[in-house]
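Heads up, the thing below is written out as structure tokens.
There are 2 protein chains.
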Amino acid sequence: MNISKELLKGTTKIMVLSVISDNELYGYQIIKLLKERSGNVLKMGEGTIYPILHFLESEKYLTSRWENIENGMKRKYYSLTPSGKKLLTQSLSEWKNFTDVVNTTLFNS
Amino acid sequence: MNISKELLKGTTKIMVLSVISDNELYGYQIIKLLKERSGNVLKMGEGTIYPILHFLESEKYLTSRWENIENGMKRKYYSLTPSGKKLLTQSLSEWKNFTDVVNTTLFNS
DNA sequence: TTACAATACCTTGTAAACCAATGTACTTAT
DNA sequence: ATAAGTACATTGGTTTACAAGGTATTGTAA
Chain A
1 MNISKELLKG TTKIMVLSVI SDNELYGYQI IKLLKERSGN VLKMGEGTIY
51 PILHFLESEK YLTSRWENIE NGMKRKYYSL TPSGKKLLTQ SLSEWKNFTD
101 VVNTTLFNS
Chain B
1001 MNISKELLKG TTKIMVLSVI SDNELYGYQI IKLLKERSGN VLKMGEGTIY
1051 PILHFLESEK YLTSRWENIE NGMKRKYYSL TPSGKKLLTQ SLSEWKNFTD
1101 VVNTTLFNS
């Protein structure tokens, strides 16, 4: 089963905020987590997630810190700012409104 | 309450197919019907709906006929082809899958 | 009667979202 | 040694929706 690219538009940002709200996470991990949590349906590419993280950080919804791990690799960990938590709450309520409106429109005939 | 442009992406086509499935409709009427059915939330412009109708017709999901009404105006009525009915069924099931996956990802933490 | 709102069709240009592809660099498994 | 995995990043293309503009007619309010 596949999720069409078009339907996804707009929701990816919310899902990114949502997964970060639980734990401090790095980009590559978020991609794998979204895949896992969605039951292997969402296969976001790096070209999708990294720009979203950069945007959310530039808008102060996220902060980041670099961590050097033993083997020489570096990870950039993101967490929500207070402003990001507010955005998440607001986005979740928007998401609910949105699906309600669409469902009403689709099925109230 | 406003529905963000980004979330809407992809769903407008489905809603257009959905409203036409019940009755033969013309473009301007569809805009008003979507507004009405969504409880005054969806205010699709003509620049959104007309291109979708043209696309769906070019892909043979819709057929159209012109009707001259008394006062000199002309309306272009659209209805679903068998292929369009199939697309609608398929799109509705995609929509359901999509919201399920997003909700799982958002709320199963 | 003159102007505006509404009906009804249409197109063009722009911004945003996502993905595929590509690039770098290091590590681990075969 | 070669491929796959980890982990960061950017560029270019497609699609979606909207704002703004255009044509033409009818109905209404000033």
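Taken in order, these protein sequences are the chains called A and B. With the numbering used here, letter number 60 in the first sequence gets 60, and the count goes up by one each step, no holes. The number in the numbering used here is simply the position in the second sequence, starting from 1, with 1000 added. Just so it is clear, CB atoms sit at the ideal spot from N, CA and C, and this is done for glycine as well. Quick caveat: nothing in here was measured; it's all calculated off a predicted structure.
- A Cβ-Cβ distance of about 6 angstroms is found for the pair A:SER21 and A:LEU88, placing them in contact under the 8 angstroms criterion.
- Rounded to the nearest whole angstrom, the C-alpha separation of A:TRP95 and B:ASN1071 is 44 angstroms.
- Exclusion of the five residues before and after A:ASN108 leaves no residue of its chain whose Cβ lies closer than 7 angstroms to its Cβ.
- Residues of chain A whose Cβ lies closer than 8 angstroms to the Cβ of B:ASN1040 do not exist, since the nearest Cβ in that chain is about 10 angstroms away.
- Taken in chain order, the members of the segment 73-100 of chain A whose beta-carbon sits within less than 8 angstroms of a beta-carbon on chain B are LEU92, GLU94, TRP95, ASN97, PHE98, THR99.
- Here A:LYS76 is bridged, per DSSP, to A:TRP66.
- Annotation: Cβ neighbours of B:MET1015 in chain A (cutoff 9 angstroms, chain order): VAL102, THR105, LEU106.
- Within chain A, no residue has its beta carbon less than 8 angstroms from that of B:GLY1027; the closest one is some 17 angstroms off.
- As DSSP reads the structure, A:LEU25 sits in a beta bridge with A:TYR78.
- At a cut-off of 8 angstroms between C-beta atoms, A:LEU34 counts as an interface residue with respect to chain B.
- DSSP places A:TYR61 outside any alpha helix (DSSP H), giving it a letter other than H or E.
- In chain A, no part has a C-beta under 9 angstroms from the C-beta of B:ARG1065; the shortest such distance is about 22 angstroms.
- Contact annotation for B:GLY1047 against chain A: no contact, minimum CB-CB distance about 18 angstroms [criterion: below 9 angstroms].
- The beta carbon of B:ILE1069 lies closer than 7 angstroms to those of ARG1075 in the same chain, with the five residues before and after it left out.
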